[in-house]
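Single-structure report; data block below.
2 protein chains.
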Amino acid sequence: MENRKCIDRLEQKGVRVTSIRILVLGALMESSRPMSLADLEKELETVDKSSIFRTLGIFEKHHVVHSIDDGTGSIKYEACEGKDNCTIADMHTHFYCEICHRTFCLKDITAPLVNLPDGFQVHSINYIVKGVCPACRRTVAGRS
Amino acid sequence: MENRKCIDRLEQKGVRVTSIRILVLGALMESSRPMSLADLEKELETVDKSSIFRTLGIFEKHHVVHSIDDGTGSIKYEACEGKDNCTIADMHTHFYCEICHRTFCLKDITAPLVNLPDGFQVHSINYIVKGVCPACRRTVAGRS
DNA sequence: GTCTTAAATGCAACCCGGTTGCGGCTTATA
DNA sequence: TATAAGCCGCAACCGGGTTGCATTTAAGAC
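These protein sequence lines are chains A and B, in that order.
What the first sequence shows, in numbering that gives the first Met the number 0, is residues 0 to 143, in sequence order.
What the second sequence shows, in numbering that gives the first Met the number 0, is residues 0 to 143, in sequence order.
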């Protein structure tokens, strides 16, 4: 419960501090994986999902968190890392395991940026690799 | 209505030919953009969405079409190109315009593949670049 | 052609993530 | 303490996707 850290981050980004916001940001910062609305709902039993939803919207607008779409149909969120706003260069690769349905952050692997035809203006990148993660691969190794 | 072409493709992929399947595949092959279930529903008024849904599932399994997730919340489909099955190398880049909400196929731009840590087995790639398309950029040029 | 069977289809209902309207509560400021 | 702005919980809603089931269609046997 590093509340201090959450509070500092919120103040630094110009977001009003409330108990719920501390809880939501705390959960995201402690998690090693991006979390969906449902994940947060489960972890924060006492908080209504609409509150979490609105909180995430505010966080996103103020660059406290950013969202990624791993193709599972539910958007996932993770706390932004650097002090400054998340830029394209900060976007990292994600890996979605089709067996255990977990999404991994590969934070050291920057999402690649291709050259686009003239006229396309890039705002963000969504780069998801799908397949089988090491753990699941080991588990099913016997049969493949 | 190049029915012949659709029928050939279905037979070649080992999919039973029905009138609905010809319609669905025809619509996808004629479209310059990937289509969602809702898009197909609108274009094929006479066909029930559950039929389209199941048809797409069968098409996907038999590599007649593949799906992409452009982060809009609705999966889009496009007809596979080559005679053989779609491979990772065939996956191309998509661009989603945040203004007009259209998804563009950049067929000449192969989706990049990063090097993953050991143990990750890749099946597919989802690479979406988001921003503003040339047409919308021109339209809003006056104010930016 | 007719029969039989499996597959395909339409309909209606459902599921679930996401979203919104609104009344009540909390916080900030005077 | 009074007031206003913003936050929160509840409940209802929305839309894409999915499923169960009865009906229709197509493929093969006779």
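Using N, Cα and C, we set each Cβ at its ideal position, and we do this for glycine too.
Legend entry - Cα-Cα separation between T71 of chain A and I127 of chain A, rounded to whole angstroms: 11 Å
Legend entry - chain B contact for Q11 of chain A (CB, 8 Å cutoff): no
Legend entry - Interface residues of chain A facing N2 of chain B [CB-CB closer than 8 Å]: Near N2 of chain B there are no residues of chain A at all, since even the closest Cβ is about 33 Å away, more than 8 Å.
Legend entry - Cβ pair K129 of chain A, S123 of chain B closer than 8 Å: yes
Inset, instruction - Give me the Cβ distance between C104 of chain A and P33 of chain A, rounded to the nearest whole Å; I'm assuming they're in contact under 8 Å. - result: 6 Å
Legend entry - Chain-ordered chain B contacts of L115 of chain A [CB-CB under 9 Å]: T92, F94, L105, I108, V128 and G130
Legend entry - I124 of chain A (DSSP reduced to helix, strand or coil): strand
Legend entry - Residue span of the alpha helix (DSSP H) that contains C5 of chain A, given as start and end: N2 to Q11
Legend entry - Assigned secondary structure, F119 of chain B (DSSP; H/G/I helix, E/B strand, else coil): coil
Inset, instruction - Could you tell me which of B:K60, B:R101, B:C85 and B:G118 sits nearest to G149 of chain B, measuring between CA atoms? - result: A query on residue 149 of chain B cannot be resolved here, the shown segment of chain B reaching from 0 to 143 and no further.
Legend entry - Contact set for I19 of chain B: own chain, Cβ-Cβ below 7 Å, skip 5 residues either direction: V46, S50 and T54
Inset, instruction - Pick out whichever of A:F94, A:R8, A:N125 and A:L112 has its Cα sitting closest to the Cα of A134 of chain A. - result: A:F94
Inset, instruction - Quick one: residues in its chain with C-beta nearer than 6 Å to the C-beta of G56 of chain B, no 5 flanking neighbours on either side, listed in chain order? - result: none
Legend entry - Residue-chain proximity (D38 of chain A, chain B), Cβ-Cβ < 8 Å: no
Legend entry - L160 of chain B vs A26 of chain B beta-carbon contact at 8 Å: This structure gives no information on residue 160 of chain B, because the portion of chain B shown stretches from 0 to 143.
Inset, instruction - Establish whether the CB of P133 of chain B and some CB of chain A are separated by less than 8 Å. - result: yes
Inset, instruction - Can you have a look at C99 of chain B and say buried or exposed, based on whether 16 or more other CB atoms are within 10 angstroms of its CB? - result: exposed
Inset, instruction - In angstroms with no decimal places, state the Cα-to-Cα distance between V16 of chain A and H91 of chain B. - result: 43 Å
Legend entry - Proximal residues to L115 of chain B (C-beta, below 8 Å), its chain only, five neighbours per side dropped: V121
Legend entry - Segments assigned alpha helix (DSSP H), at least 4 residues, entirely inside the region 21-50 of chain B: 36-42
Legend entry - For A78 of chain A and K4 of chain B, the rounded distance between their alpha carbons: 49 Å
Inset, instruction - Tell me, please, which residues DSSP counts as bridged to K106 of chain B. - result: Partner(s): none; K106 of chain B has no beta bridge.
Legend entry - Residue-level contact to chain B via CB, D47 of chain A, 8 Å cutoff: no
Inset, instruction - Mind checking which residues open and close the alpha helix (DSSP H) that includes C85 of chain B? - result: C85 of chain B -> no alpha helix (DSSP H), and no H or E assigned at all.
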